[in-house]
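Q:
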Amino acid sequence: MNNKMLAAVVEAFGQPLVMRHLDIPVPGPGMILIKVEACGVCHTDLHAAKGDWPLKPALPFTPGHEGIGIVVALGEGVTAVQKGERVGVPWLYSACGHCEYCLQAWETVCAKAEFGGYTRNGGFAEYILADPEYVAHIPAGLAPCEAAPIICAGVTTYKGIKEADVRPGQWIVISGVGGLGHLAVQYAKAMGLRVCAVDIDDRKLAHATQLGADAVVNAKSADPVAAVIAATQGGGHGVLITAPSLGAFKQGVAMTRKLGTCVLVGLPPGEFPMALFDVVANCITVRGSFVGNRQDMAEALAFAAEGKVKADIELQPLSAINQVFERLEHGDVPSRVVIDFSAD
Ligand code: NAD
Ligand code: ZN
Ligand code: ZN
Numbered sequence: 056m057n058n059k060m061l062a063a064v065v066e067a068f069g070q071p072l073v074m075r076h077l078d079i080p081v082p083g084p085g086m087i088l089i090k091v092e093a094c095g096v097c098h099t100d101l102h103a104a105k106g107d108w109p110l111k112p113a114l115p116f117t118p119g120h121e122g123i124g125i126v127v128a129l130g131e132g133v134t135a136v137q138k139g140e141r142v143g144v145p146w147l148y149s150a151c152g153h154c155e156y157c158l159q160a161w162e163t164v165c166a167k168a169e170f171g172g173y174t175r176n177g178g179f180a181e182y183i184l185a186d187p188e189y190v191a192h193i194p195a196g197l198a199p200c201e202a203a204p205i206i207c208a209g210v211t212t213y214k215g216i217k218e219a220d221v222r223p224g225q226w227i228v229i230s231g232v233g234g235l236g237h238l239a240v241q242y243a244k245a246m247g248l249r250v251c252a253v254d255i256d257d258r259k260l261a262h263a264t265q266l267g268a269d270a271v272v273n274a275k276s277a278d279p280v281a282a283v284i285a286a287t288q289g290g291g292h293g294v295l296i297t298a299p300s301l302g303a304f305k306q307g308v309a310m311t312r313k314l315g316t317c318v319l320v321g322l323p324p325g326e327f328p329m330a331l332f333d334v335v336a337n338c339i340t341v342r343g344s345f346v347g348n349r350q351d352m353a354e355a356l357a358f359a360a361e362g363k364v365k366a367d368i369e370l371q372p373l374s375a376i377n378q379v380f381e382r383l384e385h386g387d388v389p390s391r392v393v394i395d396f397s398a399d
């Protein structure tokens, strides 16, 4: 076996990724090596490459946290997976397993958590190292390219909807109908919710309608908050904000019904103001949500394996990564681009 692999590497923040031939990593004790078949491109990868967030990844690094592939080598002592299994290497790359958060299945907020494609090299490479205790187990029958968006965009929105504390028949507002949001609409419909989709792009809204949204509102219209309140007769019982735009956050809180929950998922850098009196007097809950735990992952994948949720994907080779980033930045990706490693 040739011991080099191709990887798309961030060497400086805000600069194009560089294609490098790197040594194929060797799994140490307790780790595994995965040959990547597909990896989705999440807006988070763009934030990572730009160094958008307070805690920046150490340079150089390989982004990508929707990598799906086959286990090809096991480090010493690994029993959790076997060679030949198809797994995914998600954002939640590993955690300590025994802190107060891990013990409550909130490993996503473990202080020792590592993040795929951020604090650990990710799936924009032909091989990735992974922690077998934290990989996603890809159900048989789900193709790697279709599974890829589920392990970040899918689990994040599935969990986010659960965190909105809504019941079948109630309204959920999905703000941002891109990679995350187009799956959120489908999870919400599969859960029996009524969906009001909000975006700034009429093509994304038309797609949301095709996917089952009951109402759509363009956030660039004169008064999107009033339009959502009218469409939902009072606002969303739950609101899920996936838009990577601060303006959507202030609006999203205002689109929340009395006693409702507004779940913040999008991660544009910065802060946003909210109308304190309205939040207090309407008893609104505003809650952050960060990917999901391993059980959420298994559930999110099961919806996809059963055909209740299907990612809308566009395949591209790894060599196209910089053009894909450029388009994602400008909202020119219809839903999710997936890097197809059989294409290069
Ligand atoms: P994307 O670029 O695929 O989709 C974003 C969508 O938001 C687009 O359809 C765009 O038109 C729409 N949009 C932009 N401005 C808007 C506005 N003002 N109002 C309504 N819609 C607007 O991005 P994505 O991959 O879906 O990621 C979205 C965000 O979620 C990113 O900030 C990403 O980092 C974050 N994210 C968070 C988590 C988490 O665990 N919390 C997980 C994954 C991604
Ligand atoms: Zn992601
Ligand atoms: Zn922990």
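The numbering of the sequence shown is the numbering used here, which starts it at 56 and goes up by one.
Virtual Cβ for every residue (Gly too), placed ideally from N, Cα, C.
Among all the DSSP beta bridges, which residues are the ones paired with residue 192?
A: On the sequence shown, residue 192 is found 137 positions in, with the first residue counted as 1. DSSP output for residue 192 lists 142 as bridge partner(s).
Q: Considering just the uninterrupted stretch of the beta strand (DSSP E) at residue 311, what are its terminal residues?
A: The residue you call residue 311 lines up with position 256 of the sequence shown. It spans 311–319 - the beta strand (DSSP E) in which residue 311 sits, taken as one unbroken run.
Q: Do residue 263 and residue 252 have their C-beta atoms closer together than 8 Å?
A: Here the question's residue 263 lines up with position 208 in the sequence shown. Here the question's residue 252 lines up with position 197 in the sequence shown. Cβ distance < 8 Å, so residue 263 and residue 252 count as in contact.
Q: Report yes if the CB atom of residue 284 is closer than 8 Å to the CB atom of residue 310, and no otherwise.
A: Counted from its first residue, the sequence shown places residue 284 at position 229. Counted from its first residue, the sequence shown places residue 310 at position 255. In contact: residue 284 and residue 310 (Cβ atoms closer than 8 Å).
Q: State the CB to CB distance for the pair residue 171 and residue 359, rounded to an integer number of angstroms; the pair is presumed to be in contact (CB under 8 Å).
A: Locating residue 171 in the sequence shown gives position 116, where the first residue counts as 1. Locating residue 359 in the sequence shown gives position 304, where the first residue counts as 1. Incorrect: roughly 19 Å between the Cβ atoms, too far for contact.
Q: For residue 352, which residues from the same chain have a beta carbon less than 6 Å from its beta carbon, with the 5 sequence-adjacent residues on both sides left out?
A: Here residue 352 corresponds to residue number 297 of the sequence shown, with the count starting at 1. Hits under 6 Å: 191, 210.
Q: How many Å lie between residue 249 and residue 265 at the Cα?
A: As a first step, residue 249 is located in the sequence shown; it is residue number 194 there, counting from the start. As a first step, residue 265 is located in the sequence shown; it is residue number 210 there, counting from the start. When rounded, the distance between both Cα atoms is 14 Å.
Q: Could you check which residue in 90, 124, 179, 156 has the C-alpha nearest to that of residue 195?
A: For the purposes of this step, residue 195 is taken as residue 140 along the sequence shown, with counting starting at 1. Closest by alpha carbon: 124.
Q: Is it buried or exposed, residue 346, if we count other Cβ atoms within 10 angstroms and call 16 or more buried?
A: Within the sequence shown, residue 346 is the residue found at index 291, counting from 1. Counting Cβ neighbours within 10 Å, residue 346 comes out buried, since at least 16 surround it.
Q: Return yes when at least one heavy atom of ligand 3 lies under 7 Å from the C-beta of residue 150, else no.
A: Position 95 of the sequence shown, counted from the start, is the residue given in the question as residue 150. True, at least one ligand heavy atom lies under 7 Å from that Cβ.
Q: Indicate whether residue 205 and residue 366 have their beta-carbon atoms separated by less than 8 Å.
A: Indexing the sequence shown from 1 puts residue 205 at position 150. Indexing the sequence shown from 1 puts residue 366 at position 311. Cβ distance < 8 Å, so residue 205 and residue 366 count as in contact.
Q: Given residue 386, which residues of its chain have a CB within under 7 Å of its CB, disregarding the five upstream and five downstream residues?
A: Counted from its first residue, the sequence shown places residue 386 at position 331. Only 256 meet the Cβ criterion.
Q: Measuring alpha carbon to alpha carbon, tell me which residue in 70, 189, 336 is nearest residue 106.
A: To locate residue 106, count along the sequence shown from 1; it is residue 51. Checked all of 70, 189, 336; the closest Cα to residue 106 is 70.
Q: Which runs of the alpha helix (DSSP H), 4 residues or longer, sit entirely within the region 115–186?
A: 155–158, all fully within the region 115–186.
Q: Are the Cβ atoms of residue 144 and residue 178 separated by less than 8 Å?
A: Looking up residue 144 in the sequence shown gives position 89. Looking up residue 178 in the sequence shown gives position 123. Yes; because the gap between Cβ atoms is below 8 Å, this pair is in contact.
Q: Give the single residue among 129, 75, 98 whose Cα lies nearest to the Cα of residue 402.
A: Residue 402 lies beyond the stretch modelled for the chain, which goes from 56 to 399, so this question has no answer here.
Q: Would the beta-carbon of residue 182 be found less than 7 Å away from any heavy atom of ligand 3?
A: Along the sequence shown, one-based indexing puts residue 182 at 127. Residue 182: no, Cβ never under 7 Å from ligand 3.
Q: Can you give the Cα-Cα distance for residue 199 and residue 142, rounded to whole angstroms?
A: As a first step, residue 199 must be located in the sequence shown, where it is residue number 144. As a first step, residue 142 must be located in the sequence shown, where it is residue number 87. C-alpha separation (whole angstroms): 9 Å.
Q: One question on the structure: do residue 82 and residue 132 come within less than 8 Å of each other, judged by their Cβ atoms?
A: Working through the sequence shown from its first residue, we reach residue 82 at position 27. Working through the sequence shown from its first residue, we reach residue 132 at position 77. No, they are not a contact pair.
Q: Does any heavy atom of ligand 2 sit closer than 7 Å to the C-beta of residue 207?
A: Start at 1 with the first residue of the sequence shown, and residue 207 comes out as number 152. Flag set: Cβ of residue 207 near ligand 2.
Q: Is it true that the region 218–229 meets the region 387–399, where meeting means three or more beta-carbon pairs spaced less than 8 Å apart?
A: Contact between the region 218–229 and the region 387–399 is absent, because fewer than three Cβ pairs lie under 8 Å.
Q: Please identify the residue among 185, 116, 181 whose C-alpha is closest to the C-alpha of residue 174.
A: The residue you call residue 174 lines up with position 119 of the sequence shown. Among 185, 116, 181, the Cα nearest to that of residue 174 belongs to 116.
Q: Does the Cβ of residue 266 lie closer than 7 Å to at least one heavy atom of ligand 1?
A: Your numbering for residue 266 matches position 211 in the sequence shown. Because no heavy atom of ligand 1 lies under 7 Å away, the Cβ of residue 266 does not count as near it: no.
Q: Quick check: the Cα distance between residue 197 and residue 154, rounded to an integer number of angstroms?
A: The residue labelled residue 197 in the question sits at position 142 within the sequence shown. The residue labelled residue 154 in the question sits at position 99 within the sequence shown. For residue 197 and residue 154, the distance between alpha carbons rounds to 34 Å.
Q: From which residue to which residue does the alpha helix (DSSP H) around residue 339 run?
A: Position 284 of the sequence shown holds residue 339. That residue, residue 339, is in no alpha helix (DSSP H); it is neither H nor E in DSSP.
Q: When you compare only the Cα positions, how much space is there between residue 286 and residue 270?
A: Stepping through the sequence shown from its first residue, residue 286 is reached at position 231. Stepping through the sequence shown from its first residue, residue 270 is reached at position 215. Taking the straight line from one Cα to the other gives about 7 Å.
Q: Return yes when the C-beta of residue 200 is under 7 Å from any heavy atom of ligand 2, and no when it is not.
A: What you label residue 200 is simply residue 145 of the sequence shown in a count that begins at 1. False, no ligand heavy atom lies under 7 Å from that Cβ.
Q: Measuring only the C-alpha atoms, how far is residue 80 from residue 90?
A: Along the sequence shown, one-based indexing puts residue 80 at 25. Along the sequence shown, one-based indexing puts residue 90 at 35. Going by the C-alpha atoms only, they are around 11 Å apart.
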